[in-house]
Amino acid sequence: MSSGHVAVLMGGFSSERQVSLASGKSCADALEAEGFRVSRIDVTRDVATVLSELKPDVAFNALHGPFGEDGKVQGILEYLEIPYTHSGVLASALAMDKAQAKRVASACGVPVADSLILQRGEIGNRHPMAAPYVLKPINEGSSFGVLIVDEDQANPPQSISSDEWTFGEKIMVERFIKGREFTCGVMDGTALCVTEIVPVGQKFYDFDAKYRPGGSKHILPAEIKPNIYQKIQSLAVQAHQAIGCRGVSRSDFRFDETLGEDGIIWLEVNTQPGMTETSLVPEMAADAGYDFGAFLRWMVEDASCLR
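Note that our numbering numbers the sequence shown so that position 212 is 212, with each residue one more than the last.
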């Protein structure tokens, strides 16, 4: 597509609205610079009506979190027969459910951490597994609601049972993997470079580390042994294929160096990675020779229905 009308879907009404607005603005600006006619859509519940009237050639999905990332907007785009970027209905819904995604990835040979699923009210004042462990909502992104429980904590965090908790009733309790944090993008079924994420001032790659200026350092390509580097790339592709992802995805890993290759643990796949120029996947694409505009052009040209 040398040119065309692209609707950039952004904003929305999830907890990741601000992140999505930043991704959407970056993508819309870059696509206009590439010569596309761009409509910027701050998504509301009447998005189907808006898209029916606009009739774009392609919908560029820059939404994050529930509705934009869990198969719902993908289903609307399928119904309207508008080609769209990123993963389709099934892969999006599956990847957004961390518990189901882990089951599928594990069944396909991807190493995952031991975990169990509990209702929030079941956690109470007793540790559900030996600390250290991680508590995470099963269907939120951007590390919202993620809590690390250290060995010296007498009880689970009280916030999990608070009336102010807004991240759903199902909680994954997952063994904490000590070590380093890595991530690897997959583009068109091929692994991009591996990036090490080093949080600055945070315990792990939480919301602040992801989005606060200076919150983390990205080291790419990651400085690790070649066999570990290649194994992470291989597992990222394996997870992408197991979940059924399309276009671009990003898998996150922890690595305990004391265990060699056996210390690589897959955490999750992100079907809607952040899309500002300094986000992780655009940095990886740049390392592969795609500037931001060329990378987005590839995504638009890759768009389809029935993904």
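Beta carbons are placed, not taken as given, at the ideal position from N, Cα and C, and that holds for glycine.
By the Cβ-count criterion, Glu-81 is exposed, with fewer than 16 other Cβ atoms from all chains shown falling within 10 Å of its own Cβ. Non-local beta-carbon contacts of Ala-222 in its own chain, meaning distances under 7 Å to residues more than five positions away in sequence, involve Phe-182, Val-194, Thr-195, Glu-196, Tyr-229 in chain order. Leu-135 counts as buried, since no fewer than 16 other beta carbons sit within 10 angstroms of its beta carbon. Contact annotation: the stretch 245 to 257 touches the stretch 266 to 274, with at least three C-beta pairs closer than 8 Å. Judged by DSSP in its simplified three-state form, Leu-235 adopts helix. Within the model, the alpha-carbon separation for Lys-231 versus Arg-180 is close to 15 Å.
With respect to the C-alpha of Ile-123, the residue from Gly-260, Asn-139, Gln-158 having the closest C-alpha is Gln-158. The shortest C-alpha to C-alpha distance from His-127 to any of Trp-165, Val-149, Ala-99 is the one to Val-149. The beta carbon of Ala-30 sits closer than 7 Å to those of Phe-292, Gly-293, Leu-296, all from its chain and outside the five residues before and after it, given in chain order. For Asp-252, the enclosing beta strand (DSSP E) covers residues 248 to 255. Judged by DSSP secondary structure, Ser-216 falls within the beta strand (DSSP E) whose first and last residues are 216 to 219. Non-local C-beta neighbours of Val-198 in its own chain, meaning closer than 7 Å and more than five positions away in sequence, comprise Ser-216, Lys-217, Ile-219, ordered along the chain.
For the 8 Å CB-CB criterion, Asp-70 and Ala-105 do not form a contact. Runs of the alpha helix (DSSP H) spanning 4 or more residues and lying entirely within the stretch 10 to 34 occur at 17 to 33, in chain order. Counting C-beta atoms within 10 angstroms of its own C-beta, Arg-254 has 16 or more neighbours from the protein chains shown and is therefore classed as buried. Residue Arg-120 holds the alpha-carbon nearest to the alpha-carbon of Asp-163 among Val-38, Glu-32, Arg-120.
The beta carbons of Val-50 and Cys-27 sit no closer together than 8 Å. Counting of Cβ neighbours within 10 angstroms places Gly-145 among the buried residues, the total reaching 16 or more. Ranked by how close their Cα comes to the Cα of Asn-61, the residues Phe-36, Ala-101, Lys-102, Val-6 have Val-6 in first place. In this structure, Leu-147 sits away from Ala-285, with a CB-CB distance that is not shorter than 8 Å. In the structure shown, Val-43 adopts coil according to DSSP, grouped into three states.
In this structure Pro-83 is in contact with Ala-303, their Cβ atoms being roughly 4 Å apart against a cut-off of 8 Å. The shortest C-alpha to C-alpha distance from Lys-72 to any of Gln-100, Ala-99, Val-43, Val-58 is the one to Val-43. Annotated three-state conformation of Met-275 is coil, per DSSP. Taking all protein chains in view, the Cβ of Thr-166 is surrounded by fewer than 16 other Cβ atoms within 10 Å, so the residue is classified as exposed. The residues Val-186, Ser-249, in chain order, have a CB closer than 6 Å to that of His-240 in the same chain once the five nearest residues on each side in sequence are set aside.
Close CB contacts of Gly-75 within its chain, under the 8 Å cut and outside five residues either way in sequence, are with Val-89 (chain order). Annotation: the continuous alpha helix (DSSP H) that includes Leu-296 extends over 292 to 302. In the three-state DSSP reduction, Thr-166 falls in the coil class, being neither helix nor strand. Taking all protein chains in view, the Cβ of Lys-98 is crowded by 16 or more other Cβ atoms within 10 Å, so the residue is classified as buried. Distance from the CA of Glu-283 to the CA of Asn-125, rounded to the nearest whole angstrom, comes to 43 Å. Between Ala-101 and Glu-268 the beta-carbon gap is near 6 Å, inside 8 Å, which marks them as a contact.
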